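K.L.:
Numbering (our numbering), first residue to last: 181 to 548.
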């Protein structure tokens, strides 16, 4: 299966004779990119103005506007994400400029995040290279061998309330303020500059809105965008038939097409999420900007074989917690308990069988 995928992708990308090429989809379109800036960043700024006006009317108007702004912030993050891949604009300077601006709006350091995210792309589905830019995932064997404290911590970290509501606020408001231990000087400097920039924008908004109104509004916006964003990232790689391998068995192309989901969302949600549901295409080539992902997906029958994940169907992913290397599937804690019970019953049957055979042998010896 993996070899077939590699061969067909080689044809598609033009690495084999007669194959199509990704290059038409990898070319940034300055007009589409600029229009996306207008209808996303422009709309987000306009919503902040409407939120300011709504304070004189009613909080019942302010809160829905803040929730809507959270939706636009998700789309802004996708622009930030594409700039990080140097795919949104043709110009490196334009990508860096808008990457920084959208980074301020999303509370995310540009160069540091870009470095971590590049590691994520290079290691997705690799069991021996986990830990950077991904969701904490243990194998069944690792979990069973863990201490009680580590098991409790893992269960807490994978709890949906923590993962989708507490963790996003921690990630964007606190964790993003500090560089990783392995960050280079450029990435560390990026974090410091971003912190000053975010603080400066916050100070201006506090002067306009007042501290408590600004805090309440900002928490709603970040909460909505962060929770939805973490959910999108989660379902893109945490589904039952995901892909994880070790050592030389791991393959980048297979990880892209089997280890990244095709999250087929309703059109409105697809728009707000910046087409990132076509994640299998994105991991196949991160140089394809979000506005070309759907076109690329439709360009070859090969992609029609990628099973889509529906909005309703994705809810099953909430229960998946551990990677089972025996079945090559993500499983729930309930499934783990069932496997443990099966193993225990098997051991009991084995013991009973040995006992019965011993009794039978003793009986035969006694009759002789």
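The C-beta atom is built at its ideal place from N, Cα and C for all residues, glycine as well.
These numbers come from a predicted model, not from an experiment.
Under three-state DSSP, which class holds residue 393?
P.N.:
helix
K.L.:
In three-state terms, what does DSSP make of residue 330?
P.N.:
helix
K.L.:
Residue 285: which of 233, 224, 359, 373 sits nearest, CA to CA?
P.N.:
224
K.L.:
Suppose you measure from the CA of residue 204 to the CA of residue 470; what does that come to, to the nearest Å?
P.N.:
For the pair residue 204 and residue 470, the Cα-to-Cα distance works out to about 13 angstroms.
K.L.:
Quick check: what's the CA-CA separation for residue 234 versus residue 451?
P.N.:
Whole-angstrom Cα-Cα distance: 26 angstroms.
K.L.:
Hey, would you say residue 400 sits closer than 8 angstroms to residue 251, going by beta carbons?
P.N.:
no
K.L.:
Quick one: Cα of residue 278 to Cα of residue 403, how far?
P.N.:
23 angstroms
K.L.:
Assuming residue 405 and residue 257 form a contact by the criterion Cβ under 8 angstroms, report the distance between their Cβ atoms to the nearest whole angstrom.
P.N.:
7 angstroms
K.L.:
When we look at the beta-carbon of residue 459 and count the other beta-carbons within 10 Å, is it buried (16 or more) or exposed?
P.N.:
buried
K.L.:
Given residue 221, which residues of its chain have a CB within under 8 angstroms of its CB, disregarding the five upstream and five downstream residues?
P.N.:
Excluding positions up to five away in sequence, the list reads 256, 259, 281, 282, 285.
K.L.:
Where does residue 430 fall in DSSP's three states?
P.N.:
coil
K.L.:
Residue 363 and residue 292: beta carbons closer than 8 angstroms?
P.N.:
yes
K.L.:
Taking the alpha carbon of residue 398 as the point to measure from, which residue in 232, 211, 519 has its own alpha carbon closest?
P.N.:
232
K.L.:
Check whether the segment 305-313 touches the segment 482-501, counting contact only when three or more Cβ pairs, one atom from each stretch, lie closer than 8 angstroms.
P.N.:
no
K.L.:
Restricting to Cα atoms, I'd like to know which of 434, 516, 499, 316 is closest to residue 330.
P.N.:
316
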